[in-house]
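There are 2 protein chains.
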Amino acid sequence: MSEAATQAILIGRKPVMKYVLAVILQFSGGAKEVVLKARGRNISKAVDVAEVVRRKFMETVQVKDIKIGTETVEREGNVRNLSTVEIVLEKTE
Amino acid sequence: MSEAATQAILIGRKPVMKYVLAVILQFSGGAKEVVLKARGRNISKAVDVAEVVRRKFMETVQVKDIKIGTETVEREGNVRNLSTVEIVLEKTE
Chain A
44 MSEAATQAIL IGRKPVMKYV LAVILQFSGG AKEVVLKARG RNISKAVDVA EVVRRKFMET
104 VQVKDIKIGT ETVEREGNVR NLSTVEIVLE KTE
Chain B
44 MSEAATQAIL IGRKPVMKYV LAVILQFSGG AKEVVLKARG RNISKAVDVA EVVRRKFMET
104 VQVKDIKIGT ETVEREGNVR NLSTVEIVLE KTE
């Protein structure tokens, strides 16, 4: 899989459906894989996005891999550990 | 792996460290695998629990598998879809 064929979407504060649409557009544009990345509280939203895409819109999309990790973030002088997730979606058809 | 050797912990509203302790106790008691289950907003907390156990307390514990899914929940007459996660932790030593 070449780098160019994998698109990453960072899940932030926008509503779930904004990200769902972004995923659909990337797959419709020819992407074979789309990676959802999220940190902290947005991790739950990343799972929502993956589930809505897979269940409601694109039944040929499936979860290929899920990785979790930790990032160190400095904010206002405090160092915090934030959990991260990467959900790799692939189009199977 | 027999069913008895796998313990499940449902991640709810308690602080992260309560669940971290529960995981450590189960592994210390001989469990080979511990499954963290969470729904909705608690999904992020389940990832936190897995990361804290693995990074701070038990370096022989690793993430074996992560599954996501959807559950239909009826609350006050409304039917909602809630995302779910299952994180399987295993002790490698």
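These protein sequences, in sequence, are chains A and B.
If you read the first sequence in this note's numbering, its first letter stands for residue 44, the second for the next number, and so on.
If you read the second sequence in this note's numbering, its first letter stands for residue 44, the second for the next number, and so on.
Using N, Cα and C, we set each Cβ at its ideal position, and we do this for glycine too.
Just so we're clear, the structure is a prediction, and the values are computed from it rather than from any experiment.
Taking 8 Å as the threshold, find out whether the stretch 61-74 of chain A comes into contact with the stretch 94-101 of chain A through three or more Cβ pairs.
Contact between the stretch 61-74 of chain A and the stretch 94-101 of chain A is present: 3 or more CB-CB pairs across the two stretches fall below 8 Å.
Mind checking Ile-86 of chain A: buried by the 16 CB within 10 Å criterion, or exposed?
Buried is the call here.
C-alpha distance - Glu-94 of chain A paired with Glu-136 of chain B, whole-angstrom precision:
Rounded to the nearest angstrom, the two C-alpha atoms are 34 Å apart.
Per DSSP, what kind of secondary structure is Ala-65 of chain B in: helix, strand or coil?
In this structure, Ala-65 of chain B counts as helix in the three-state DSSP scheme.
Closest Cα partner of Arg-56 of chain B within the set B:Gly-72, B:Val-77, B:Lys-88 and B:Leu-68:
Here the closest residue by C-alpha is B:Lys-88.
Classify Val-106 of chain A: buried if its beta carbon has 16 or more other beta carbons within 10 angstroms, exposed otherwise.
Buried, since its Cβ has 16 or more Cβ neighbours within 10 Å.
Start and end residues, alpha helix (DSSP H) containing Glu-94 of chain A:
Looking at the DSSP string, the run of the alpha helix (DSSP H) that includes Glu-94 of chain A is 85-95.
Exposure of Pro-58 of chain A, with buried meaning 16 or more beta-carbon neighbours within 10 Å:
The residue in question, Pro-58 of chain A, is exposed, as its Cβ has fewer than 16 Cβ neighbours within 10 Å.
8 Å CB neighbourhood of Glu-46 of chain A in its chain, flanking five on each side removed:
In this prediction, Glu-46 of chain A scores a pLDDT of 44, lower than 50, which makes its location untrustworthy; the coordinate-derived value is nonetheless stated afterwards. Around Glu-46 of chain A: no qualifying Cβ.
On the criterion of 16 or more Cβ atoms from any shown chain inside 10 Å, does Leu-132 of chain A qualify as buried, or is it exposed?
Buried, since its Cβ has 16 or more Cβ neighbours within 10 Å.
Beta-carbon within less than 6 Å of Asn-81 of chain A's beta-carbon, same chain only, minus the 5 sequence neighbours each way: which residues are those?
A small fix is needed here, since residue 81 of chain A is Ala in this sequence, not Asn. Taken in chain order, the residues that qualify are Ile-54, Ala-89 and Val-128.
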